[in-house]
Amino acid sequence: MARAILAFLVTFLVGCADLKAVREYGALGKGVAASFPPLVEESTLRCREIFEYSDIASRRYDPRKSSDEGKAACEQNVDASKAMVELSNLVGNYHDALIKIAGGDVAGSLGGDYTRLGASIKGLKIDGVAVAPAAKVDAIAAVGAWVTKVALANWQHREITGALSIHREVGDIADILVVYVERNYGAYSTQALRQADEAQRAIAAREAQCTIATPCSDPYGANLLRRELYQRAEMLKERQQLVTVYRSATDKMKVALATLAASGGELKSREELRSLWDLSVEVRDLYKKVAAAY
Amino acid sequence: MPIEAIPEFDLADYLAGCANALFGYRVAHDDTLSKGDWDALRQTEHDLLKAVVRLRAEGVGRLADLADDSKAAVAGALDSMNAFIKKIADARKAIAVATAAIGLAGAFFAGGPVGIVTAAMALEEAAK
Numbered sequence: 002m003a004r005a006i007l008a009f010l011v012t013f014l015v016g017c018a019d020l021k022a023v024r025e026y027g028a029l030g031k032g033v034a035a036s037f038p039p040l041v042e043e044s045t046l047r048c049r050e051i052f053e054y055s056d057i058a059s060r061r062y063d064p065r066k067s068s069d070e071g072k073a074a075c076e077q078n079v080d081a082s083k084a085m086v087e088l089s090n091l092v093g094n095y096h097d098a099l100i101k102i103a104g105g106d107v108a109g110s111l112g113g114d115y116t117r118l119g120a121s122i123k124g125l126k127i128d129g130v131a132v133a134p135a136a137k138v139d140a141i142a143a144v145g146a147w148v149t150k151v152a153l154a155n156w157q158h159r160e161i162t163g164a165l166s167i168h169r170e171v172g173d174i175a176d177i178l179v180v181y182v183e184r185n186y187g188a189y190s191t192q193a194l195r196q197a198d199e200a201q202r203a204i205a206a207r208e209a210q211c212t213i214a215t216p217c218s219d220p221y222g223a224n225l226l227r228r229e230l231y232q233r234a235e236m237l238k239e240r241q242q243l244v245t246v247y248r249s250a251t252d253k254m255k256v257a258l259a260t261l262a263a264s265g266g267e268l269k270s271r272e273e274l275r276s277l278w279d280l281s282v283e284v285r286d287l288y289k290k291v292a293a294a295y
Numbered sequence: 349m350p351i352e353a354i355p356e357f358d359l360a361d362y363l364a365g366c367a368n369a370l371f372g373y374r375v376a377h378d379d380t381l382s383k384g385d386w387d388a389l390r391q392t393e394h395d396l397l398k399a400v401v402r403l404r405a406e407g408v409g410r411l412a413d414l415a416d417d418s419k420a421a422v423a424g425a426l427d428s429m430n431a432f433i434k435k436i437a438d439a440r441k442a443i444a445v446a447t448a449a450i451g452l453a454g455a456f457f458a459g460g461p462v463g464i465v466t467a468a469m470a471l472e473e474a475a476k
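Listed in order, the protein sequences are those of chains A and B. With our numbering applied, the first sequence covers 2 to 295. With our numbering applied, the second sequence covers 349 to 476.
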């Protein structure tokens, strides 16, 4: 009997994916998904700033008017980007669920509950006499816990394999989010940077026309504006790097998922041996318990 | 259509360049442009900027449409994984209720009123 059970379990466990690798991949994917919403917010911020900065170097600058125009115009970006945030959340939730179902003790997680149930049955007495013999209760609880563990491990394996099998679809969504980051977030950043560069050039050209005979009306103000534009340009250059960072993190995530999906049916040899050893110990203990009780 | 080749994004980038050129001219000639010319240039520049926002939003809409099939597949996998997680929680709850119910039966046969109340409360808690 024990041999038959062992043979069944060996066959079934050899097909399990490396759970640690699945969890590590899940954490990577969750991190990439979490980094997306701030980029969407920043994209709208850049969009508004482009309107806000359009008159900053002018005598006719009206901060409230520029700000209101920016808010109204960029509302379209807020609305359109909601669908992208939804997609990113979906990918984040997928990875979160993957981490949960690949938990190391998911299969054996009900063992403690069976022990408590067994203890409760053993404690049940009528007129001071135990309703069920302790050894039998222990054996039944142990068998129940073990059967549940096997069923859950089997189900866990199916779920992980199923989740990994849609790696192409997850990759497609990841690619779409990358295109958003490049062509929306990146495009607004580039546009804002070009605007800052253009303003610096234009102000410099304007200042170059100032002479001692015809001085600029407010060199201090002009210099403050140049300083602000310079700092803004530097900040925007830094933020643009995020496009590359996001793409590279997504590429890494896709490669990891494809690799995991491809090797999803194999255990690393050391882990496989450990599982088989644990399994043989479990079956031996179980066998002893049942033999002692009956 | 490949996701990299969405024409709205290309057109938006082109118009953004045009708006920026107008912006540069307006800033450089801020002191010399008449109010009428300045206003007209600003209006054109802002019309272009608004067109850029609209085109990029349309491009994002196209991206969202392209994701429809993949989105359904990932949502299906997510539902399945969540069902698995819920089943484990349900099984845990069922065992906890059974444990508490046996506890209540034990307390009932033992006959202690305090024990019965405590066990009944434990059962109620497990069933929540």
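The C-beta atom is built at its ideal place from N, Cα and C for all residues, glycine as well. Everything numeric in this text was worked out from a predicted model, so none of it was measured.
Helix or strand or just coil, what does DSSP make of residue i?
{"i": "valine 130 of chain A", "result": "strand"}
{"i": "cysteine 211 of chain A", "result": "coil"}
{"i": "threonine 106 of chain A", "result": "Per the sequence presented here, residue 106 of chain A reads as aspartate, with threonine not at that position. Here aspartate 106 of chain A sits in coil by DSSP."}
{"i": "lysine 476 of chain B", "result": "coil"}
{"i": "serine 382 of chain B", "result": "coil"}
{"i": "aspartate 413 of chain B", "result": "helix"}
{"i": "proline 350 of chain B", "result": "coil"}
{"i": "histidine 394 of chain B", "result": "helix"}
{"i": "isoleucine 436 of chain B", "result": "helix"}
{"i": "serine 270 of chain A", "result": "Residue confidence is low: serine 270 of chain A scores 46 on pLDDT, short of 50, so the model does not pin down where it sits. Its coordinate-derived value is still stated next. It is helical."}
{"i": "tyrosine 95 of chain A", "result": "helix"}
{"i": "histidine 158 of chain A", "result": "helix"}
{"i": "leucine 125 of chain A", "result": "coil"}
{"i": "tyrosine 62 of chain A", "result": "coil"}
{"i": "serine 36 of chain A", "result": "coil"}
{"i": "glycine 119 of chain A", "result": "helix"}
{"i": "aspartate 80 of chain A", "result": "helix"}
{"i": "isoleucine 177 of chain A", "result": "helix"}
{"i": "leucine 111 of chain A", "result": "coil"}
{"i": "serine 264 of chain A", "result": "coil"}
{"i": "histidine 377 of chain B", "result": "coil"}
{"i": "glycine 407 of chain B", "result": "helix"}
{"i": "isoleucine 100 of chain A", "result": "helix"}
{"i": "aspartate 252 of chain A", "result": "helix"}
{"i": "alanine 18 of chain A", "result": "Unreliable placement is indicated for alanine 18 of chain A, whose pLDDT of 48 sits below 50; no coordinate value is reported for it."}
{"i": "aspartate 1 of chain A", "result": "No answer is possible for residue 1 of chain A: the residues shown for chain A start at 2 and end at 295."}
{"i": "isoleucine 57 of chain A", "result": "coil"}
Just to confirm, is the Cβ distance from residue i to residue j under 9 Å?
{"i": "aspartate 378 of chain B", "j": "arginine 233 of chain A", "result": "no"}
{"i": "alanine 455 of chain B", "j": "leucine 118 of chain A", "result": "no"}
{"i": "leucine 243 of chain A", "j": "valine 182 of chain A", "result": "yes"}
{"i": "leucine 165 of chain A", "j": "glycine 104 of chain A", "result": "no"}
{"i": "isoleucine 433 of chain B", "j": "alanine 98 of chain A", "result": "yes"}
{"i": "isoleucine 443 of chain B", "j": "aspartate 114 of chain A", "result": "yes"}
{"i": "alanine 154 of chain A", "j": "leucine 287 of chain A", "result": "no"}
{"i": "valine 422 of chain B", "j": "tyrosine 95 of chain A", "result": "yes"}
{"i": "valine 132 of chain A", "j": "isoleucine 141 of chain A", "result": "no"}
{"i": "valine 375 of chain B", "j": "alanine 203 of chain A", "result": "yes"}
Can you give me the C-alpha to C-alpha distance between residue i and residue j, rounded to a whole angstrom?
{"i": "phenylalanine 457 of chain B", "j": "alanine 468 of chain B", "result": "13 Å"}
{"i": "histidine 158 of chain A", "j": "isoleucine 177 of chain A", "result": "29 Å"}
{"i": "leucine 194 of chain A", "j": "asparagine 368 of chain B", "result": "10 Å"}
{"i": "leucine 411 of chain B", "j": "threonine 212 of chain A", "result": "53 Å"}
{"i": "arginine 49 of chain A", "j": "proline 39 of chain A", "result": "15 Å"}
{"i": "aspartate 395 of chain B", "j": "glutamate 235 of chain A", "result": "28 Å"}
{"i": "valine 401 of chain B", "j": "alanine 188 of chain A", "result": "11 Å"}
{"i": "glycine 145 of chain A", "j": "aspartate 413 of chain B", "result": "48 Å"}
{"i": "aspartate 63 of chain A", "j": "glutamine 201 of chain A", "result": "19 Å"}
{"i": "isoleucine 45 of chain A", "j": "asparagine 78 of chain A", "result": "Reading off the sequence, residue 45 of chain A comes out as threonine, not isoleucine. Looking at the two C-alpha atoms, the distance is approximately 6 Å."}
{"i": "tryptophan 386 of chain B", "j": "glycine 93 of chain A", "result": "48 Å"}
{"i": "alanine 205 of chain A", "j": "glutamate 70 of chain A", "result": "27 Å"}
{"i": "arginine 207 of chain A", "j": "glycine 27 of chain A", "result": "55 Å"}
{"i": "leucine 471 of chain B", "j": "alanine 449 of chain B", "result": "6 Å"}
{"i": "threonine 245 of chain A", "j": "glutamine 196 of chain A", "result": "21 Å"}
{"i": "phenylalanine 13 of chain A", "j": "aspartate 80 of chain A", "result": "Here the model assigns phenylalanine 13 of chain A a pLDDT of 49, short of 50, so the residue's position is not dependable and the matter cannot be decided."}
{"i": "glycine 451 of chain B", "j": "arginine 440 of chain B", "result": "16 Å"}
{"i": "serine 190 of chain A", "j": "glutamate 239 of chain A", "result": "10 Å"}
{"i": "valine 151 of chain A", "j": "proline 350 of chain B", "result": "45 Å"}
{"i": "isoleucine 174 of chain A", "j": "leucine 426 of chain B", "result": "14 Å"}
{"i": "alanine 262 of chain A", "j": "glutamate 25 of chain A", "result": "14 Å"}
{"i": "glycine 460 of chain B", "j": "alanine 120 of chain A", "result": "20 Å"}
{"i": "proline 134 of chain A", "j": "tryptophan 147 of chain A", "result": "20 Å"}
{"i": "leucine 389 of chain B", "j": "arginine 65 of chain A", "result": "20 Å"}
{"i": "valine 291 of chain A", "j": "threonine 466 of chain B", "result": "34 Å"}
My assumption, with CB atoms under 8 Å, is that residue i sits in contact with residue j. Please give the rounded CB distance.
{"i": "methionine 429 of chain B", "j": "isoleucine 100 of chain A", "result": "At roughly 10 Å, the Cβ-Cβ gap does not stay under 8 Å, so methionine 429 of chain B and isoleucine 100 of chain A are not in contact."}
{"i": "alanine 22 of chain A", "j": "lysine 398 of chain B", "result": "About 49 Å; that fails the 8 Å criterion."}
{"i": "methionine 254 of chain A", "j": "leucine 29 of chain A", "result": "5 Å"}
{"i": "glutamine 192 of chain A", "j": "alanine 364 of chain B", "result": "5 Å"}
Should residue i be counted as a contact of the ligand NAD given a C-beta to heavy atom distance under 8 Å?
{"i": "tyrosine 186 of chain A", "result": "Annotation note on the ligand NAD: not contained in the displayed structure, which lists no ligands."}
Are the stretch 356-364 of chain B and the stretch 399-416 of chain B in contact at 8 Å, needing three or more beta carbon pairs? yes
Looking at C-beta atoms only, is the number of pairs between the stretch 167-181 of chain A and the stretch 415-423 of chain B that lie closer than 8 Å three or more? yes
Contact between the stretch 52-66 of chain A and the stretch 120-130 of chain A is defined here as three or more beta-carbon pairs at a separation below 8 Å; is this criterion met? no
Closer than 8 Å is the cut-off here; do at least three beta carbon pairs connect the stretch 82-102 of chain A with the stretch 30-46 of chain A? yes
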